[in-house]
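A.B. asks: Chains as they are written, first to last, in this note's numbering: chain A, 1 to 493; chain B, 494 to 593. Where is the CB? At the ideal position from N, CA and C, for every residue including glycine.
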Amino acid sequence: MTDLTNLTVAQIRDGHRAGDFSAVEVAEAFSANVAGAKALNAFIVETPDHALAAAKTADADRAAGTLKPLSGVPIGMKDLFCTNGVQTTAASHMLEGFIPRYESTVSQKLWDAGAGMLGKLNLDQFAMGSSNETSYFGNVISPWKRKDGGNAALAPGGSSGGSSTAIAARLCPAATGTDTGGSIRQPAAFTGISGIKPTYGRCSRWGIVAFASSLDQAGPMARDVRDCAIMLENMAGFDPKDATSLDMAVPNWEAALSSDLKGKTVGIPKEYRLEGIDPDIDAMWDAGIAMLKDAGAAVVEISLPHTKYALPAYYIIAPAEASSNLARYDGVRYGLRDLPDGAGLQDMYAATRADGFGPEVKRRIMIGTYVLSAGFYDAYYTQAQKVRTLIARDFEAAFGMCDVILAPTAPSAAFGLGEKMADPLAMYLNDVFAVPASLAGLPAMSVPAALNREGLPLGLQIIGKAFDEQGVLNAGLAIEERAGFTARAEKWW
Amino acid sequence: MTIDQATVRKIASLARIAISDAEAAAMEGELNGILGWVEQLGEVDVTGVEPMTAVIPNTLRLRDDVIDADPLTGGGRRDDVLANAPAAMHGFFGVPKVIE
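1) From the beta carbon of residue 502(B), is the nearest beta carbon of chain A less than 7 Å away?
2) Determine which residues of the region 566-585 of chain B have a Cβ less than 7 Å from any Cβ of chain A, and write them out in chain order.
3) What residue does the alpha helix (DSSP H) around residue 56(A) start on, and which one ends it?
4) Select from 61(A), 358(A), 368(A), 313(A) the residue whose C-alpha is nearest the C-alpha of residue 320(A).
5) By Cβ distance below 7 Å, which residues in the same chain neighbour residue 498(B) in space, the five residues on each side in sequence not counted?
6) Please list, in chain order, the chain A residues whose beta carbon lies closer than 8 Å to that of residue 535(B).
7) If you follow the alpha helix (DSSP H) that residue 31(A) is in, where does it begin and where does it stop?
8) Examine chain A for any beta-carbon lying closer than 7 Å to the beta-carbon of residue 549(B), and answer yes or no.
9) Tell me whether residue 43(A) is buried or exposed, calling it buried when 16 or more other Cβ atoms sit within 10 Å of its Cβ.
10) Any beta carbon from chain A within less than 7 Å of residue 526(B)'s own beta carbon?
11) How about residue 510(B): is its C-beta nearer than 7 Å to some C-beta of chain C?
12) Name the chain B residues whose beta carbon is nearer than 7 Å to that of residue 323(A)?
13) Please name the residue, chosen from 243(A), 412(A), 437(A), that lies closest to residue 157(A) on a Cα-to-Cα basis.
14) Tell me, please, whether the region 71-78 of chain A touches the region 116-125 of chain A by the rule of three or more beta-carbon pairs shorter than 8 Å.
15) Going by CA-CA distance only, name the one from 353(A), 439(A), 155(A), 49(A) that's closest to residue 508(B).
16) Among 169(A), 129(A), 103(A), which has the Cα closest to the Cα of residue 5(A)?
17) Whose C-alpha, out of 455(A), 334(A), 2(A), is nearest the C-alpha of residue 149(A)?
18) Should residue 106(A) go down as buried or exposed, given a rule of 16 or more other Cβ atoms within 10 Å for buried?
19) Using three-state DSSP, classify residue 586(B) as helix, strand or coil.
20) Which of the three DSSP states is assigned to residue 498(A) in this structure?
21) To the nearest angstrom, how far is it from the Cα of residue 546(B) to the Cα of residue 477(A)?
22) Output needed for residue 375(A): all residues of its chain with C-beta closer than 7 Å, excluding positions within five of it in sequence on either side, in chain order.
23) Kindly provide the ranges of any beta strand (DSSP E) runs that are 3 or more residues long and lie completely inside the region 250-285 of chain A, ordered along the chain.
24) Who are the neighbours of residue 214(A) on chain B, taking C-beta pairs under 7 Å?
25) Restricting to Cα atoms, I'd like to know which of 487(A), 253(A), 243(A) is closest to residue 235(A).
26) Report yes if the CB atom of residue 192(A) is closer than 7 Å to the CB atom of residue 457(A), and no otherwise.
27) Do the region 261-275 of chain A and the region 383-401 of chain A meet, that is, are 3 or more Cβ pairs less than 8 Å apart?
28) Hey, out of 480(A), 55(A), 59(A), whose CA is closest to residue 290(A)'s CA?
29) Pairing CB atoms from the region 198-211 of chain A with CB atoms from the region 76-86 of chain A, are three or more of them under 8 Å?
30) At 4 residues or longer, what runs of the alpha helix (DSSP H) sit wholly inside the region 115-188 of chain A?
31) Just verifying my parser: in three-state terms, what is the DSSP assignment at residue 220(A)?
32) Contact between the region 90-100 of chain A and the region 22-41 of chain A: three or more CB pairs below 8 Å?
33) To the nearest angstrom, report how far apart residue 318(A) and residue 586(B) are at their CA atoms.
34) For a test of the three-state rule: what should DSSP assign to residue 92(A), helix, strand or coil?
35) Within its chain, find whatever has a CB closer than 7 Å to the CB of residue 537(B); leave out the 5 residues flanking it on each side and keep chain order.
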């Protein structure tokens, strides 16, 4: 019998519908993989009972002829989404033990569509990080190893590192992610899977632990483009509880998938050719260009002149918003309270926040507090928001000449755990290709394209016009069909 | 512009985060590294450029002017609101004494 955990979301959905297997069998197979993969530390909480209950409903719905779009599909939920009755921590000590009394809009939509939850996935603390090394609950380990005979533990990317590892290691067929400055795309690239950040506002932010609200956007991560389309259809949609939610119909992205790019133009941003970049990255990019030409697209060089300012602008705007959003953790309403003997209210705030936040979270709150403080606000924050306008204009101008943009997802393959932790700036630079699309609110996805000389996956990024997830998915599909990426991490855990 | 340890302590106090002298010393270098790097934004000509306020054009909506328009975010959920409070008592959030 086939190993059910090798199936994609579409294969599980269709196979279950056809009666090839039961949803209970699928849920049990994935839960067994989850239980056997503690060494990867991908999950903070495992919820096999949730997955099993949804599976039983799916099997009953099949018998009754009332199947839903994701009936029989168990998924992983990034632990940034509030789940009713299930601990939600944002991988922080601050929220350890926090049990929401409500369900995030995105997770509720997935349950309404018939999906079940295998567990809550580890991440960088408050989604701040690019390697999943800032989690209070320990590092997530990538299932991948370099082919150099060494045994170095590699980063699964971040912040959605539990999601990327769990999918790559076949612990779940798909998972939710969130992307503030690359947190879906970069981990997808590091682990040889696909992930899409939709247009800002497509997925409701209600019930997602906030990091930087003008950038935060949920999206799916899965093994292929079709699965991303299926998941996104069941995550997106207008929500009156989110003031920036897009009041637009959700297209049927899966049905409209097409890798025929005749009549489409692909832009290649010349500013993304970085001096001294890993030649494997450039070679993969060139191969990707050839693949899209082969799919019928025309290719033009474009210019995004403010690219080099995207990352510094991001590291003002995101910490500024974070310092404001994270002011809510005060030891009064929920989460940790640290009340030293004889302490007053102010001392309690300071002690609670010193104890509850990790070093990277504190660093960003401090940066944000500084750039928003009196006398510095205009020089830093207002200037960064003006540069953000220019970055968005760059894309607008470029999309006058092309339909989608192709670039690498990250400037390197997965690095080793610990290699970049000593230098915050070196870590930040890993998101150099991902951040511009975030600042402009544009849909962008990563698809696996090649292995580098060390045998590690590399991802190609497709950036689209606002609301054109279809164009992004279609170009991603064209690459997927031609790259023929079938490599997977050998099981060692 | 560089910041000194006194400024680091001032920012920490504004952010309500207690820090030790050792942490302030370590953070001085880290914050100066990051702030020195973001200062390159100053070289961008932003004459006549409006700061970004919304990445995707959108209009603010008003909800219907009715009580508990949305059962999830409306009133009458005191026990849910207090369920995760570290020191709830008598239907209120408990805090240390703030009046001398």
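C.D. replies: In short, the structure shows the following:
1) For the purposes of this step, residue 502(B) is identified with residue 9 of the second sequence, where counting begins at 1. Cβ-Cβ to chain A under 7 Å: no for residue 502(B).
2) For the region 566-585 of chain B, the set of residues with a beta-carbon nearer than 7 Å to any beta-carbon of chain A comprises 566, 573, 576, 577, 578, 579, 580, in chain order.
3) As a position in the first sequence, residue 56(A) is number 56, starting the count at 1. Element bounds for residue 56(A): 48-64.
4) For the purposes of this step, residue 320(A) is taken as the residue at position 320 of the first sequence. Here the closest residue by C-alpha is 368(A).
5) As a working note, residue 498(B) is residue 5 in the second sequence. Excluding sequence neighbours, residue 498(B) sits near 517, 518, 521.
6) Counting from one through the second sequence, the residue named residue 535(B) turns up at place 42. Neighbours of residue 535(B) on chain A, chain order: 379, 383.
7) Looking up residue 31(A) in the first sequence gives position 31. That run of the alpha helix (DSSP H) goes 23-35.
8) The count along the second sequence starts at 1 and reaches residue 549(B) at position 56. At a cut-off of 7 Å, the C-beta of residue 549(B) has a neighbouring C-beta in chain A.
9) Here residue 43(A) is taken as the residue at index 43 of the first sequence, counted from 1. So residue 43(A) ends up on the buried side.
10) As a working mapping, residue 526(B) is identified with position 33 in the second sequence. Yes, residue 526(B) lies at the interface with chain A (some Cβ there is under 7 Å from its Cβ).
11) The structure shown has no chain C; the protein chains it does contain are A and B.
12) Taking the first residue of the first sequence as position 1, residue 323(A) is located at position 323. Here the neighbours are 508.
13) Here the question's residue 157(A) lines up with position 157 in the first sequence. Distances from the CA of residue 157(A) to each of 243(A), 412(A), 437(A) were compared; the closest alpha carbon is that of 412(A).
14) A contact exists between the region 71-78 of chain A and the region 116-125 of chain A.
15) Sequence index remark: in the second sequence, residue 508(B) carries index 15 (1-based). Here the closest residue by C-alpha is 353(A).
16) Locating residue 5(A) in the first sequence gives position 5, counting from the first residue. Of the candidates 169(A), 129(A), 103(A), the one whose C-alpha sits nearest the C-alpha of residue 5(A) is 169(A).
17) Reading the first sequence from its first residue, position 149 is the one you call residue 149(A). For residue 149(A), the nearest C-alpha among the options comes from 455(A).
18) Within the first sequence, residue 106(A) is the residue found at index 106, counting from 1. Classification for residue 106(A): buried.
19) Taking the first residue of the second sequence as 1, we reach residue 586(B) at position 93. Collapsing the DSSP output to three states places residue 586(B) in a strand.
20) Because chain A is modelled from 1 through 493, residue 498(A) falls outside the range shown and cannot be assessed.
21) The sequence position of residue 546(B) within the second sequence is 53, counting from 1. The sequence position of residue 477(A) within the first sequence is 477, counting from 1. Roughly 34 Å between the two C-alpha positions.
22) The residue you call residue 375(A) lines up with position 375 of the first sequence. Excluding residues up to 5 positions away in sequence, nothing lies with its Cβ nearer than 7 Å to the Cβ of residue 375(A) in the same chain.
23) Restricted to the region 250-285 of chain A, the beta strand (DSSP E) segments that are unbroken, complete and at least 3 residues in length are 265-269, listed in chain order.
24) Counting from 1 along the first sequence, the entry for residue 214(A) is found at position 214. Chain B residues near residue 214(A): 548.
25) Start at 1 with the first residue of the first sequence, and residue 235(A) comes out as number 235. Out of 487(A), 253(A), 243(A), the CA that lies nearest to the CA of residue 235(A) is found in 253(A).
26) Taking the first residue of the first sequence as position 1, residue 192(A) is located at position 192. Taking the first residue of the first sequence as position 1, residue 457(A) is located at position 457. For residue 192(A) and residue 457(A), yes; Cβs fall inside 7 Å.
27) Yes: at least three Cβ pairs fall under 8 Å.
28) In the first sequence, residue 290(A) corresponds to position 290, counting from 1. That would be 480(A), whose Cα lies nearest to the Cα of residue 290(A).
29) Three or more pairs of CB atoms, one per stretch, sit closer than 8 Å, so the region 198-211 of chain A contacts the region 76-86 of chain A.
30) Qualifying alpha helix (DSSP H) stretches, in chain order: 161-168.
31) Within the first sequence, numbered from 1, the residue matching residue 220(A) stands at position 220. It is a strand residue.
32) Contact fails: fewer than three Cβ-Cβ distances are below 8 Å.
33) Taking the first sequence and counting its residues from 1, the one referred to as residue 318(A) is at position 318. Taking the second sequence and counting its residues from 1, the one referred to as residue 586(B) is at position 93. Roughly 30 Å separates the two Cα atoms.
34) As a working note, residue 92(A) is residue 92 in the first sequence. In the three-state scheme derived from DSSP, where H, G and I count as helix and E and B as strand, residue 92(A) is classed as coil.
35) Mapped onto the second sequence, residue 537(B) falls at position 44. For residue 537(B), where only same-chain residues beyond five positions count, there are no Cβ hits under 7 Å.
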